[in-house]
Amino acid sequence: MAWLVGALLIGYLVGAIPFGYLAGRARGIDLLAVGSGNIGATNVFRTLGAAWAIPVLLLDVGKGVLAAYAGDLLVPAMPQWGAVAGAGAALAGHAWSVFLGFRGGKSAATGAGAVLYLMPQVVAVTLVCFAATVAATRYVSLGSMVGAVAAIVVSFILPNPLPFRLLAVAGGLLVIVRHRGNIARLRAGTENRLGRRPPP
């Protein structure tokens, strides 16, 4: 049990590292106060450009991979549950970072990293769904939500362990809930499309 708690704690702290926020601060910008107010790669891209957004995206994905891997190692008696505990805690850490007063991002990239480690075949389909949606609509938020739903569905279609499927469900629902503001803007027709900078 102690090792499982350790996996949760390490996963949360890894997930809570706000790479997007730190990138903004490096340029003298508070990402929580500009654009969409999100610390993820999309807001970094719109605010700081691709040179900053790509590293932030990779680091956020890496948080999910590292947290799942750490949980896998820390709980050798139950490696699947350990990996899921670490990964799930990382998603929570990214969404509610202790370093940002329990504010944070939407956990899509960190979730993708966790699924990449646990179920690479699922993340492949998820990325295709995400890319196709963004290409068709130019809405990154919609692509993230479609990808989250795809991850849930595909995790059950393909032969995956129950703990991994539960993570897909919990993580997918978290991503969708964290996009509730985007859902409202999509319905109102005011959501920003990819390539268009939001008003200051």
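In short: position in the sequence shown from 1, add 418, done, that's our numbering. Positions of the beta carbon are idealized from the N, C-alpha and C atoms, including for glycine.
Residue environment analysis places Leu-592 among the buried positions, since at least 16 neighbouring C-beta atoms fall within 10 angstroms of its C-beta. Using a Cβ-Cβ distance cut-off of 8 Å, the segment 570–577 and the segment 490–499 are not in contact, since fewer than three pairs of beta carbons, one from each stretch, lie closer than that value. In this structure, Val-541 is the residue among Leu-518, Val-541, Gly-519 and Phe-520 with its C-alpha nearest to the C-alpha of Ala-526. Here Ile-472 is exposed, its C-beta having fewer than 16 other C-beta atoms within 10 Å. Burial state of Ala-459 is buried, judged by a 10 Å Cβ sphere holding 16 or more other Cβ atoms. Within the same chain, and ignoring the five residues on either side of Arg-603 in sequence, the residues whose Cβ sits closer than 7 Å to its Cβ are Glu-609. Along the segment 529–593, the beta strand (DSSP E) does not occur as any fully enclosed run of 3 or more residues.
In the structure shown, the three-state DSSP call for Arg-603 is helix. Taken atom to atom, the span from the alpha-carbon of Arg-521 to that of Tyr-439 is near 11 Å. Cβ-Cβ distances below 7 Å link Val-543 to Ala-568 and Val-572 in the same chain, with the five nearest sequence neighbours on each side left out; the list follows chain order. Burial state of Leu-576 is exposed, judged by a 10 Å Cβ sphere holding fewer than 16 other Cβ atoms. Its chain contains Met-537 as the residues whose beta carbon lies nearer than 6 Å to that of Asn-578, once the 5 sequence neighbours on both sides are disregarded; these appear in chain order. For Trp-470, same chain residues with a beta-carbon under 7 Å away, outside a window of 5 residues either side, are Ala-441 and Val-462 in chain order.
Going by DSSP, Asp-490 is part of the alpha helix (DSSP H) stretching over 468–492.
For the pair of segments examined, the segment 504–516 was found not to touch the segment 552–569: the number of CB pairs separated by less than 8 Å stays below three. Excluding five sequence positions before and after Pro-497, the CB atoms of its chain that fall closer than 7 Å to its own CB belong to Asp-490, given in chain order.
Gly-599 is positioned such that its CB atom lies no closer than 8 Å to that of Ala-507.
The C-alpha of Leu-426 is placed about 10 Å away from the C-alpha of Ala-420.
Inter-residue distance for Arg-443 and Leu-449 is about 8 Å (C-alpha atoms, whole angstroms). With fewer than 16 neighbouring CB atoms inside 10 Å of its own CB, Ala-554 falls in the exposed class. If you compare the alpha carbons of Ile-594, Ile-457 and Trp-499 with that of Gly-523, the shortest gap goes to Ile-457.
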